[in-house]
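Taking it in order: structure first as structure tokens, then the write-up.
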Amino acid sequence: MIEFSPWPQELAARYRKAGYWIDQPLTGILDAQMAIRPMAEALVCGDRRLSYADLDRLSRNLAGRLAQAGLGHGDTALVQLPNVAEFYIVFFALLRIGVVPVNALYSHRRLELAAYAAQIKPRLVIAARGHELFRDDAFADELRAGGVQTLLLLDEDASAHSLNHWLEPGADLPEGAGPTPADQVAFFQLSGGSTGTPKLIPRTHNDYDYSIRASAEICAVTAQTRFLCALPAGHNFTLSSPGALGVFHAGGTVVMAPSPEPQTCFDLIAREGVTMAPLVPPAVALWLRAVEEEPARRAQLATLNQMLVGGASFAEATARRVPELLGCRLQQVFGMAEGLVNYTRLEDSAETIFTTQGRPISPDDEVRVLDQDGRPVPDGTAGALATRGPYTFRGYYRSPDHNAQAFDADGFYHSGDVVVRQGGYLRVVGRIKDQINRGGEKIAAEEIENLLLRHPDITHAALVATPDAWLGEKSCAFLVLRAGVEKLSPPALRRHLLDLGVAEYKLPDRFRFLPDLPLTAVGKIDKRRLRDSLATIAA
Ligand code: AMP
Numbered sequence: 001m002i003e004f005s006p007w008p009q010e011l012a013a014r015y016r017k018a019g020y021w022i023d024q025p026l027t028g029i030l031d032a033q034m035a036i037r038p039m040a041e042a043l044v045c046g047d048r049r050l051s052y053a054d055l056d057r058l059s060r061n062l063a064g065r066l067a068q069a070g071l072g073h074g075d076t077a078l079v080q081l082p083n084v085a086e087f088y089i090v091f092f093a094l095l096r097i098g099v100v101p102v103n104a105l106y107s108h109r110r111l112e113l114a115a116y117a118a119q120i121k122p123r124l125v126i127a128a129r130g131h132e133l134f135r136d137d138a139f140a141d142e143l144r145a146g147g148v149q150t151l152l153l154l155d156e157d158a159s160a161h162s163l164n165h166w167l168e169p170g171a172d173l174p175e176g177a178g179p180t181p182a183d184q185v186a187f188f189q190l191s192g193g194s195t196g197t198p199k200l201i202p203r204t205h206n207d208y209d210y211s212i213r214a215s216a217e218i219c220a221v222t223a224q225t226r227f228l229c230a231l232p233a234g235h236n237f238t239l240s241s242p243g244a245l246g247v248f249h250a251g252g253t254v255v256m257a258p259s260p261e262p263q264t265c266f267d268l269i270a271r272e273g274v275t276m277a278p279l280v281p282p283a284v285a286l287w288l289r290a291v292e293e294e295p296a297r298r299a300q301l302a303t304l305n306q307m308l309v310g311g312a313s314f315a316e317a318t319a320r321r322v323p324e325l326l327g328c329r330l331q332q333v334f335g336m337a338e339g340l341v342n343y344t345r346l347e348d349s350a351e352t353i354f355t356t357q358g359r360p361i362s363p364d365d366e367v368r369v370l371d372q373d374g375r376p377v378p379d380g381t382a383g384a385l386a387t388r389g390p391y392t393f394r395g396y397y398r399s400p401d402h403n404a405q406a407f408d409a410d411g412f413y414h415s416g417d418v419v420v421r422q423g424g425y426l427r428v429v430g431r432i433k434d435q436i437n438r439g440g441e442k443i444a445a446e447e448i449e450n451l452l453l454r455h456p457d458i459t460h461a462a463l464v465a466t467p468d469a470w471l472g473e474k475s476c477a478f479l480v481l482r483a484g485v486e487k488l489s490p491p492a493l494r495r496h497l498l499d500l501g502v503a504e505y506k507l508p509d510r511f512r513f514l515p516d517l518p519l520t521a522v523g524k525i526d527k528r529r530l531r532d533s534l535a536t537i538a539a
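Right, here's the structure in full:
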């Protein structure tokens, strides 16, 4: 079994009694549809259409072969796939035999993948030949040298490594193979991160399944729902809030798109009769602009009746334009891969929907809004968000030091968000974690600062957020250079970071050079002053 921090017994009993935890593995989602509507369309991916029976069969084929190769309970897998049907086939196959995966983002590069591999020590890797890391065998060989036993690639011809080949029937599931117990880890979700190394979030079947069932109900997902998956499929928002898994739970259809770019998505919506789409705010802005520039395109969105927006701050003015210009209902989502998810409800007043980020899924989500000394603040006052509940994790994987900071004595997770609560609803008004939210993509400042400091000419580095009209935030790196070095060019600095293997979305958008960095009274880098200095320059 994969170790994780469990909920205290008393809370676990409460969550079971309330019917949140039903001790069913996530594969139950697929099993239920196999009993009700096996021939219904589960997935559309390009020209491919998969029924629930196809999804079940292909995932069983893969599970059988993986089990035959000796993989099962206690094993982990590193998976990196783009938005293709295989993402879900692989996910269910691994769940079926109790292999615990990490779904890396397709934009992740060597640094992120190596960091995940170092933490979970996978015996299985499933990736794509089309990704730069797997175009030749160098990285694959490195992974093998590190203990990877089976490595399968999408779009690979050589049958021994071809994921396609492993999806063909070949081996039945052996007797005794099955998912991990429902109260154990099903898979790892990725943390947006605010520390030097990316952290992993163990999610159990019980807690994740509850968040899926409850989200599907809150978002009124039904067997008629046709859901656009245009953000990365592995992201918590697209996977479970209500996400593709919420859609599978209700027996609807997931329509996959390579990106949220309006040109492709509008055509897909019209062709496939998409009814629901989750988007991050910058993508909403692109969609709004597309309709403004070409009002006739709105006709393509005729079937779209619900848009979910979350992942980053969503300006009220933009929110108000969604129903008006795109002709659909808006639901705001404020969630985190660590657990807690808030939604505005479909029946809420327009004011609530436009001006808040919703309220928690569960009556048993406990939310505290705290001042600097950890005391609760009154409603209407901004404070730090702390939470615990039936689907909020209790600790990052193998990170005791970080967990000691992220959790308080009552087991509440401190998310690093600053919120205002009013009548049970939350508004996200700021952040205390050292992170940049670049249009929904999270960048841990410390991770990039450490990489910048590996440059021989840099002595101090600080990464801060700078406001951006389009993405909400971009990043700016403040650098102090070694005596005698006058300047480093931004392209050279970006090259330095790319050579270290970091994902491109984490590259600083701007660089500023200073003789030294301002410090606070306690001697820490004064990032507020750095941010303010940018605002002054911009003004
Ligand atoms: P992730 O785990 O990558 O989904 O990131 C979770 C974090 O994204 C939260 O802790 C917030 O900082 C941010 N976030 C998510 N949804 C919203 C939202 N609707 N408004 C503002 N920030 C958000």
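Oh and the sequence shown: position 78 is 78 in full-length UniProt numbering, straight run, nothing missing.
A virtual CB, placed ideally from N, CA and C, is assigned to each residue, including glycine.
What you are looking at is a predicted structure, and each value in this text was computed from that prediction instead of being measured.
Evaluate residue i with the Cβ neighbour count: other Cβ atoms within 10 Å of its Cβ, from every protein chain shown; 16 or more gives buried, anything less gives exposed.
| i | result |
| --- | --- |
| residue 433 | buried |
| residue 20 | buried |
| residue 94 | buried |
| residue 147 | exposed |
| residue 491 | exposed |
| residue 1 | exposed |
| residue 189 | buried |
| residue 39 | exposed |
| residue 184 | buried |
| residue 263 | exposed |
| residue 18 | exposed |
| residue 351 | exposed |
| residue 528 | exposed |
| residue 522 | exposed |
Going along the chain, which residues of its own chain have a beta-carbon closer than 7 Å to the beta-carbon of residue i, five neighbours each way excluded?
| i | result |
| --- | --- |
| residue 539 | Model confidence at residue 539 stands at a pLDDT of 42, short of 50, so the residue's coordinates are unreliable and nothing is read from them. |
| residue 348 | none |
| residue 417 | 385, 428 and 431 |
| residue 259 | 230 |
| residue 111 | 500, 501 and 502 |
Among the options, which has the Cα closest to the Cα of residue i?
| i | options | result |
| --- | --- | --- |
| residue 61 | 167, 251 and 190 | 167 |
| residue 324 | 446, 482 and 287 | 287 |
| residue 506 | 495, 337 and 254 | 495 |
| residue 284 | 403, 470, 2 and 84 | 470 |
| residue 493 | 474, 461 and 273 | 461 |
| residue 304 | 239, 228, 350 and 260 | 228 |
| residue 548 | 262, 77 and 50 | Past the boundaries of the shown model lies residue 548; the chain is included only from 1 to 539, so the question cannot be answered. |
| residue 255 | 223, 128, 274 and 270 | 274 |
| residue 206 | 75, 515, 29 and 446 | 29 |
| residue 388 | 402, 397, 362 and 237 | 362 |
| residue 326 | 380, 65 and 266 | 266 |
| residue 153 | 250, 164, 145 and 530 | 164 |
| residue 453 | 379, 341, 441 and 482 | 482 |
| residue 4 | 357, 269, 250 and 186 | 186 |
Got a sec? Which residues, its chain only, sit under 8 Å from residue i by beta carbon, not counting five neighbours each side?
| i | result |
| --- | --- |
| residue 34 | 52, 53 and 56 |
| residue 444 | 192, 193, 194, 195, 196, 198, 434 and 435 |
| residue 376 | 368, 369, 370 and 383 |
| residue 504 | 107, 109 and 498 |
| residue 309 | 278, 279, 280, 281, 284, 319, 322, 330, 331, 332 and 333 |
| residue 364 | 14, 15, 18, 20, 389 and 390 |
Going along the chain, which residues of its own chain have a beta-carbon closer than 6 Å to the beta-carbon of residue i, five neighbours each way excluded?
| i | result |
| --- | --- |
| residue 178 | none |
| residue 240 | 211 and 212 |
| residue 139 | 133 |
| residue 6 | none |
| residue 103 | 79 and 234 |
| residue 463 | 445, 448, 449, 475 and 477 |
| residue 215 | 241, 242 and 246 |
Check the Cβ-Cβ distances between residue i and every residue of chain C, and say whether any is below 7 Å.
| i | result |
| --- | --- |
| residue 273 | No chain C is part of this structure, which consists of one protein chain only. |
Original post:
Taking contact to mean at least 3 C-beta pairs separated by less than 8 Å, is the region 424-438 in contact with the region 170-179?
Top reply: Contact between the region 424-438 and the region 170-179 is absent, because fewer than three Cβ pairs lie under 8 Å.
Subject >> Touching by the beta-carbon criterion (3+ pairs, under 8 Å), the region 273-288 and the region 310-322 >> reply: Output reads yes: the region 310-322 touches the region 273-288.
Original post:
Which runs of the beta strand (DSSP E) fall wholly inside the region 79-121 and span at least 3 residues, in chain order?
Top reply: Taken in chain order, the complete beta strand (DSSP E) segments of 3 residues or longer contained in the region 79-121 are 100-103.
**OP:** Go through the region 392-455 residue by residue and report every complete run of the alpha helix (DSSP H) that reaches 4 residues or more, in order.
**Re:** Whole alpha helix (DSSP H) segments, 4+ residues: 400-406 and 445-452.
Original post:
Using 8 Å as the threshold, is the region 1-11 in touch with the region 36-43, meaning 3 or more CB pairs across them?
Top reply: At 8 Å Cβ cutoff, the stretches do not touch.
**OP:** Return the chain-ordered ranges of every beta strand (DSSP E) run that is complete within the region 253-280 and spans a minimum of 3 residues.
**Re:** Here the runs fully enclosed are 253-256 and 276-279.
Original post:
Touch check for the region 336-348 and the region 383-399: three-plus C-beta pairs under 8 Å?
Top reply: The region 336-348 is in contact with the region 383-399.
Subject >> Inter-stretch contact at 8 Å, needing at least 3 Cβ pairs: the region 468-483 / the region 398-408 >> reply: Between the region 468-483 and the region 398-408, the count of C-beta pairs closer than 8 Å stays below three; the two stretches do not touch.
Original post:
Taking three-plus beta-carbon pairs below 8 Å as touching, is the region 215-233 in contact with the region 470-486?
Top reply: Three or more Cβ pairs closer than 8 Å define a contact, and the region 215-233 falls short of that threshold against the region 470-486.
**OP:** Ignoring anything shorter than 3 residues or poking outside the region 304-354, list the beta strand (DSSP E) runs there in chain order.
**Re:** The region 304-354 contains these whole beta strand (DSSP E) runs: 306-310, 329-336 and 339-343.
**OP:** Kindly provide the ranges of any alpha helix (DSSP H) runs that are 4 or more residues long and lie completely inside the region 164-210, ordered along the chain.
**Re:** The qualifying runs do not exist here; there are none.
Original post:
What runs of the alpha helix (DSSP H), each 4 residues or longer, lie entirely inside the region 23-56?
Top reply: Counting whole runs of 4 or more residues, the region 23-56 contains the alpha helix (DSSP H) stretches 28-36.
Original post:
Does the pairing of the region 505-521 with the region 477-484 give three or more beta-carbon distances under 8 Å?
Top reply: Yes: at least three Cβ pairs fall under 8 Å.
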